[in-house]
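Sequential numbering of the sequence shown, starting at 1, is according to the UniProt record's numbering. Virtual Cβ for every residue (Gly too), placed ideally from N, Cα, C. Since the structure is predicted, the reported quantities are computational estimates derived from the model, not experimental observations. A short write-up of the structure that comes next.
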Amino acid sequence: MLATFFDRWAYYGNVDNTTWGKFDFFLTPKCYLQSLTFVNSAGNAVVKVDNTTTILPAPLVNRDSIRLTSLDSYGLGSLILIDVVHIPYGCSVWPAFWTYGIEETWPLAGEIDFIEAINDMTNNQVALHTTPGCFQAANPPQTGHTIETDCSKPQGCIVGESKPNSFGQGFAQAGGGVYALLMEPTGVSSWFWSRADIPAAIASATSSSTMDISSWGLPTASYSSSACNMTQFFPPQNLVLLTTLCGVWQVGAGVPSIYSSTCHTPTNNCVNDNVIGNGSNYANAYWEIRYIRTYLSDNAASSTSSTSAIPSASTTPDAPAPPSNPATTVVVVTEPAQPTTKQTIQSSSTARAFESSIVSGILSLFVTILVATKVSF
């Protein structure tokens, strides 16, 4: 039976215990009943916040949202591409696509946020989160602007995107774009291209294409191993896609000083002015994803395909299976590695592709730029 985009993800079913946002993450059955996750007529995966339920004022109020965690983890030597048509935005909205090591208590196994912003911000930010000892090196080869260099600080070591249309309404009006994250022993790097600027090698690629990043240019953010031992701070990472509302952790969308500076609402109260009510203000609080492709190079660290360490994953026996849709197939490809040439790294002795189209063939990764970068919020 053909699989769907959502088959390789676990639904986290609980309150938001990371940012303490004003919403509940729900398990598979309720997600489908409320149409919070589905495949649209364009064949794209949609992950949204509930925008139809009326929430009445109460001491504790939460609106429904989604947090997905990948069943597979990815070590150093991984390249992750996500083609997004729409990213959630608006007052109180806090979307993120990030990685973290699930085998240790945060942040012992690291975290990489490579899509993250809040409220009415117009530019994406990327960040690394680690224990003490990891920094962004001085004068990194990147196009973004460094905001913080110490990755152990609560906000992480942050690089802001300098290109236009990387978040918010501008991102949606430009037709979205592609983000890329490269995790290597030599460093972590992140790129962004608006729809009109996506490199031909990516725009024309399929899951069986060879990915050559030599034409990509400088990344938005670059984190070199000269100032951060990637092997020490970043064991295999799982992918997380979510949208929270408000939130109070450090730089959250609902922190009063941050909320009032980025949103102008009647009471300047994130919950009262947004979460409570009929939900119509969350019409733009949704992800629309064309594909997520993950390539593992031959020198990649070990990866896994287990959900045992994912908290509150919706793997209950009575959970109904997502609807089968041939436009959202997920395929795992394993092929013997081919000889490398030039100064490239060829994948893949193991290669996985998550995407919203049928995929087949050998996934290969040619890496000719070994600088590391990363951006955060």
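Can you tell me whether residue i is helix, strand or coil according to DSSP?
i	result
Ile345	At Ile345, the pLDDT of 27 sits below 50, so the modelled position is not reliable and the matter cannot be decided from this model.
Thr329	Only weak support exists for where Thr329 lies, its pLDDT of 26 falling under 50; the value from the coordinates is given anyway. Reduced to three states, the DSSP call for Thr329 is coil.
Tyr89	coil
Asp7	helix
Cys270	helix
Asn284	coil
Gln155	coil
Asp197	helix
Pro256	helix
Ile276	coil
Ile213	helix
Phe25	Confidence at Phe25 is low in this model, with a pLDDT of 46, below 50, so the placement of that residue is unreliable and no value is reported for it.
Thr265	coil
Gln125	strand
Ile289	strand
Thr149	coil
Gln232	helix
Gly168	helix
Ile202	helix
Ser162	coil
Gln136	coil
Ser356	Any answer about Ser356 is weak, because its pLDDT of 35 lies below 50 and its placement is not dependable; what the coordinates show is given next. It is coil, neither helix nor strand.
Gln173	helix
Gln237	strand
Thr220	coil
Leu108	coil
Ala117	coil
Ser190	strand
Just to confirm, is the Cβ distance from residue i to residue j under 8 Å?
i	j	result
Pro142	Pro219	Reading off the sequence, residue 142 comes out as Gln, not Pro. The answer is yes: Cβ separation under 8 Å.
His86	Gly110	no
Thr186	Ser214	no
Thr99	Ile112	yes
Val188	Tyr223	yes
Tyr74	Pro236	yes
Phe233	Leu181	no
Pro88	Tyr286	yes
Val93	Thr243	yes
Ser257	Ala221	no
Gln125	Ala227	no
residue 379	Ala117	Since the first and last residues shown for the chain are 1 and 377, residue 379 lies out of range.
Thr54	Asp64	no
Ala205	Met211	yes
Leu68	Thr231	no
Ile102	Asn238	yes
In chain order, what residues of the same chain have a beta carbon less than 6 Å from the beta carbon of residue i, not counting five sequence neighbours either side?
i	result
Gly175	Arg195
Ile147	Ile158 and Gly160
Asn165	Phe171, Ala174 and Ser194
residue 378	Here the chain comprises residues numbered 1 to 377, so residue 378 is not present and cannot be evaluated.
Ala138	none
Ser140	Sequence check: residue 140 is Pro here, not Ser. Same-chain partners within the cutoff: Ser222.
Asp197	none
Thr316	With a pLDDT of only 24 at Thr316, under 50, the local geometry of the prediction cannot be trusted, and the value read off the model is given with reservation. The answer is none, since no qualifying residue turns up.
Asn119	Cys91, Ala253, Thr262 and Cys263
Tyr282	Val49 and Asn51
State the CB to CB distance for the pair residue i and residue j, rounded to an integer number of angstroms; the pair is presumed to be in contact (CB under 8 Å).
i	j	result
Leu245	Val84	Wrong, their Cβ atoms sit about 20 Å apart, outside the cutoff.
Asn274	Cys134	Incorrect: roughly 35 Å between the Cβ atoms, too far for contact.
Ile66	Val39	The Cβ separation is near 14 Å, so there is no contact.
Ile289	Asn51	18 Å between Cβ atoms; not a contact.
Met183	Ser260	Their Cβ separation, rounded to whole angstroms, is 36 Å, which puts Met183 and Ser260 out of contact at 8 Å.
Leu296	Phe97	At roughly 18 Å, the Cβ-Cβ gap does not stay under 8 Å, so Leu296 and Phe97 are not in contact.
Considering only residues of the same chain and omitting the five flanking positions on each side of residue i, which have a CB-CB separation below 8 Å?
i	result
Leu56	Ile276
Val61	Lys22, Ile55, Val271, Val275 and Ile276
Glu104	Pro235
Examine the ligand SAH and report whether any of its heavy atoms sits within less than 7 Å of the Cβ of residue i.
i	result
Pro95	Within the structure as shown, the ligand SAH is missing, as the structure has no ligands at all.
Excluding sequence positions up to five away, which residues of its chain have a Cβ less than 7 Å from the Cβ of residue i?
i	result
Ala42	none
Ser162	Thr143, Gly144 and His145
Asp150	Phe135 and Cys157
Ser305	Model confidence at Ser305 stands at a pLDDT of 41, short of 50, so the residue's coordinates are unreliable; what they give is reported in the following sentence. Leu71 and Asp72, listed in sequence order.
Pro266	Asp273
request  = Note down, one range per segment and in chain order, each beta strand (DSSP E) of at least 3 residues found wholly within the region 31-103.
outcome  = Taking only runs of at least 3 residues, the beta strand (DSSP E) segments lying wholly in the region 31-103 are 37-39, 45-48, 63-65, 67-74, 78-86 and 93-100.
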